[in-house]
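Novice:
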Amino acid sequence: MSQEAENAFVIEGKMALPYQYFAGATGSKFIVALRDEKKILGVRCEKCGKTFVPPRQTCERCFSDLTDAWIELEPTGEVTGFTVIRYAEPYQPVTPPYVLALIKLDGADTPIAHLLDCGDLANARVGMRVRAVFSEERKDNILEIARFEPIES
Amino acid sequence: MGDAKSDQELIVSRQVLSIPQRFSTGPVMGRFLRELRDNRRIMANRCPKCGRHQLPPREVCAVCHVEATEWDALGPEGTLRDFDVVYYASPDPLTGETRETPYVLCWADLDGTQGDAPLWHLLDPADLGRVRRGARVRVVFADEREGTTGDIKHFEIIE
Numbered sequence: 041m042s043q044e045a046e047n048a049f050v051i052e053g054k055m056a057l058p059y060q061y062f063a064g065a066t067g068s069k070f071i072v073a074l075r076d077e078k079k080i081l082g083v084r085c086e087k088c089g090k091t092f093v094p095p096r097q098t099c100e101r102c103f104s105d106l107t108d109a110w111i112e113l114e115p116t117g118e119v120t121g122f123t124v125i126r127y128a129e130p131y132q133p134v135t136p137p138y139v140l141a142l143i144k145l146d147g148a149d150t151p152i153a154h155l156l157d158c159g160d161l162a163n164a165r166v167g168m169r170v171r172a173v174f175s176e177e178r179k180d181n182i183l184e185i186a187r188f189e190p191i192e193s
Numbered sequence: 012m013g014d015a016k017s018d019q020e021l022i023v024s025r026q027v028l029s030i031p032q033r034f035s036t037g038p039v040m041g042r043f044l045r046e047l048r049d050n051r052r053i054m055a056n057r058c059p060k061c062g063r064h065q066l067p068p069r070e071v072c073a074v075c076h077v078e079a080t081e082w083d084a085l086g087p088e089g090t091l092r093d094f095d096v097v098y099y100a101s102p103d104p105l106t107g108e109t110r111e112t113p114y115v116l117c118w119a120d121l122d123g124t125q126g127d128a129p130l131w132h133l134l135d136p137a138d139l140g141r142v143r144r145g146a147r148v149r150v151v152f153a154d155e156r157e158g159t160t161g162d163i164k165h166f167e168i169i170e
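The listed protein sequences derive, respectively, from chains A and B. For the first sequence, the numbering used here gives the first residue as 41, with consecutive numbering after it. For the second sequence, the numbering used here gives the first residue as 12, with consecutive numbering after it.
#1: From ILE22 of chain B to ARG178 of chain A, what does the alpha carbon distance come to, in whole angstroms?
#2: For VAL150 of chain B, does the count of other Cβ atoms within 10 angstroms reach 16, so buried, or fall short, so exposed?
#3: Going along chain A, which residues have a C-beta under 8 Å from GLY126 of chain B?
#4: Throw me the rounded Cβ distance for the LYS90 of chain A and ASP149 of chain A pair, which I believe falls under 8 Å.
#5: So is MET40 of chain B buried or exposed if we call it buried at 16+ other beta carbons inside 10 Å?
#6: Using only CA atoms, which one of B:ARG92, B:GLU155 and B:ASN50 lies nearest to LEU121 of chain B?
#7: How far does the alpha helix (DSSP H) with LEU47 of chain B in it reach, from first residue to last?
#8: Would you mind stating whether VAL166 of chain A and PHE188 of chain A have Cβ atoms separated by less than 8 Å?
#9: Output needed for GLU167 of chain B: all residues of its chain with C-beta closer than 7 Å, excluding positions within five of it in sequence on either side, in chain order.
#10: Strictly under 8 Å for the Cβ-Cβ distance: is ILE51 of chain A near chain B by that measure?
#11: Is the distance from the Cβ of LEU106 of chain A to the Cβ of CYS85 of chain A below 8 Å?
#12: Looking at the structure shown, is ARG181 of chain A part of a helix, part of a strand, or coil, going by DSSP?
#13: What residues from chain A crowd round VAL27 of chain B, counting only those whose CB sits closer than 9 Å?
#14: For ARG143 of chain B and GLN60 of chain A, which I take to be in contact (beta-carbon distance under 8 Å), what is that distance rounded to the nearest angstrom?
#15: In this structure, how does DSSP classify GLU189 of chain A when only helix, strand and coil are distinguished?
#16: Along the region 110-131 of chain A, what residues have a CB closer than 9 Å to any CB found in chain B?
#17: When we look at the beta-carbon of GLY62 of chain B and count the other beta-carbons within 10 Å, is it buried (16 or more) or exposed?
#18: So if I threshold CB-CB distances at 7 Å, which residues from the region 40-51 of chain B count as touching chain A?
#19: Is the number of C-beta pairs between the region 50-65 of chain B and the region 119-133 of chain B that are closer than 8 Å three or more?
#20: What do you get for ILE69 of chain A, buried or exposed, if any count of 16 or more other CB atoms within 10 angstroms of its CB means buried?
#21: Grab me the residues of THR120 of chain A's own chain with a C-beta within less than 6 Å of its C-beta, minus the 5 sequence neighbours each way, in chain order.
#22: Once you ignore the five residues that flank ALA84 of chain B on each side, which residues in its own chain have a CB closer than 7 Å to its CB?
#23: Please list the terminal residues of the continuous beta strand (DSSP E) segment that includes ALA153 of chain B.
#24: Would you mind telling me which residues of chain B sit closer than 7 Å to ILE71 of chain A, beta carbon to beta carbon, in chain order?
#25: In three-state terms, what does DSSP make of SER24 of chain B?
#26: Near ASN181 of chain A, which residues of its chain fall below 7 Å by C-beta distance, leaving aside the five closest residues on each side in sequence?
#27: Which chain B residues sit within Cβ distance under 8 Å of ASP180 of chain A?
#28: From ILE169 of chain B to THR160 of chain B, what distance separates their C-alpha atoms?
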């Protein structure tokens, strides 16, 4: 081996990134309702006639304060778009391949992104009717909804 | 936030993400790290034109822009040039663990150095009470070395 090749080598390392995420007052109420009551909460701007899920503190259209504009939604809705995740990397909620879908809950005007378990990946369809399945374990995050599943028709 | 809401449960998510990385040393930095690991020597390279050392070494002299092909072992003793006493408990980027505080970072001019090339490293925590500019120091190597700058454990004050 040449001297140069002996001197050039690879160091395996890792970088740790500690972080804290604060859900805030509105986000916390949303998560706690999922966890403790198995309820999906949103907020409704009466001025614009729009219902936001996940909830937000301020209407994105008219900037009205929505702090106390809570409404409860049904755990059912419709797939408005989806993608198939095939690339495995750390910190994924489930093992790929899996479907990540945009789901507009009945009565909501904004979709939420979540896992869709429809069996065979090829079954995923825009317009599919789905229902939220709540987690058995305490998660303290959006995975209080474990996944969405198709509603048998 | 009004007082009426102050007893609301607020959600905080705390995580340490661990990201694997690979660092290719190249032949010049690689020689520096290999000498630390295998021979407990601190090698700097020297510009053939202006004679200044570079520590850690780099392929080309930053001043003359010619290849720095000569190598010298420096130290392991030297003179402490300056230091920081750090009280902020920053996380260790390699483990995510919070460091013990206070700790001392220092810059020392190793014996034999030509030009401006101090070595930057930790000082032995036991020397915190007597650190001063101009103190004589010695490099202490780690018992287990793996070809990283962690192969130097720290400086210790020797007078």
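Even for Gly, the Cβ is constructed at its ideal location relative to N, Cα and C. Nothing here was measured: the structure is a model prediction, and the numbers come from that model.
Specialist: Concretely, from the data shown:
#1: Against the second sequence, residue 22 of chain B aligns to sequence position 11. Against the first sequence, residue 178 of chain A aligns to sequence position 138. In a straight line, the C-alpha of ILE22 of chain B is about 13 Å away from that of ARG178 of chain A.
#2: Taking the first residue of the second sequence as 1, we reach residue 150 of chain B at position 139. Its Cβ being crowded by 16 or more others within 10 Å, VAL150 of chain B is buried.
#3: For this step, residue 126 of chain B is matched to residue 115 along the second sequence. Near GLY126 of chain B there are no residues of chain A at all, since even the closest Cβ is about 23 Å away, more than 8 Å.
#4: As a position in the first sequence, residue 90 of chain A is number 50, starting the count at 1. As a position in the first sequence, residue 149 of chain A is number 109, starting the count at 1. Correct: roughly 5 Å between the Cβ atoms.
#5: As a working note, residue 40 of chain B is residue 29 in the second sequence. Label assigned to MET40 of chain B: buried.
#6: Numbered from 1 along the second sequence, position 110 holds the residue referred to as residue 121 of chain B. For the residues B:ARG92, B:GLU155 and B:ASN50, the minimum Cα distance to LEU121 of chain B belongs to B:ARG92.
#7: For the purposes of this step, residue 47 of chain B is identified with residue 36 of the second sequence, where counting begins at 1. Segment 37-50, the alpha helix (DSSP H) holding LEU47 of chain B.
#8: Within the first sequence, residue 166 of chain A is the residue found at index 126, counting from 1. Within the first sequence, residue 188 of chain A is the residue found at index 148, counting from 1. Contact flag unset, no.
#9: On the second sequence, residue 167 of chain B is found 156 positions in, with the first residue counted as 1. Cβ neighbours of GLU167 of chain B beyond the five flanking positions: ASP135, ASP138, VAL148, ARG149 and VAL151.
#10: Counting from 1 along the first sequence, the entry for residue 51 of chain A is found at position 11. ILE51 of chain A counts as touching chain B.
#11: By one-based count along the first sequence, residue 106 of chain A stands at place 66. By one-based count along the first sequence, residue 85 of chain A stands at place 45. Yes, the pair counts as a contact, with Cβ atoms nearer than the cut-off.
#12: Counted from its first residue, the first sequence places residue 181 of chain A at position 141. Strictly speaking, residue 181 of chain A in this sequence is Asn, with Arg absent from that position. Note: ASN181 of chain A maps to coil in three-state DSSP.
#13: The residue labelled residue 27 of chain B in the question sits at position 16 within the second sequence. Residues of chain A passing the Cβ test: ALA56, LEU57, PRO58 and TYR59.
#14: Looking up residue 143 of chain B in the second sequence gives position 132. Looking up residue 60 of chain A in the first sequence gives position 20. With a Cβ gap of about 38 Å, ARG143 of chain B and GLN60 of chain A do not count as contacting.
#15: Walking along the first sequence from the start, residue 189 of chain A turns up at place 149. Note: GLU189 of chain A maps to strand in three-state DSSP.
#16: PRO130 and TYR131
#17: Along the second sequence, one-based indexing puts residue 62 of chain B at 51. Residue environment analysis places GLY62 of chain B among the exposed positions, since fewer than 16 neighbouring C-beta atoms fall within 10 angstroms of its C-beta.
#18: GLY41, ARG42 and ARG45
#19: yes
#20: Within the first sequence, residue 69 of chain A is the residue found at index 29, counting from 1. In the sequence as presented, Ile is not what sits at residue 69 of chain A; that position holds Lys. Buried is the call here.
#21: Residue mapping note: residue 120 of chain A aligns to position 80 of the first sequence, counting from 1. Correct list, in chain order: LEU142, LYS144 and PRO151.
#22: In the second sequence, residue 84 of chain B corresponds to position 73, counting from 1. So the qualifying residues of the chain are ARG52, ILE53 and MET54.
#23: Within the second sequence, residue 153 of chain B is the residue found at index 142, counting from 1. Here ALA153 of chain B belongs to no beta strand (DSSP E), and DSSP marks it neither H nor E.
#24: Counting from one through the first sequence, the residue named residue 71 of chain A turns up at place 31. Around ILE71 of chain A, the beta-carbon contacts reaching into chain B at under 7 Å are ILE22.
#25: Residue numbering aside, residue 24 of chain B sits at position 13 when the second sequence is read from its first letter. SER24 of chain B: strand per DSSP, three-state reduction.
#26: As a first step, residue 181 of chain A is located in the first sequence; it is residue number 141 there, counting from the start. Closer than 7 Å at the Cβ level, and outside the excluded window around ASN181 of chain A, lie ILE71.
#27: Position 140 of the first sequence holds residue 180 of chain A. Chain B residues near ASP180 of chain A: ILE22 and SER24.
#28: By one-based count along the second sequence, residue 169 of chain B stands at place 158. By one-based count along the second sequence, residue 160 of chain B stands at place 149. Cα-Cα distance, rounded: 22 Å.
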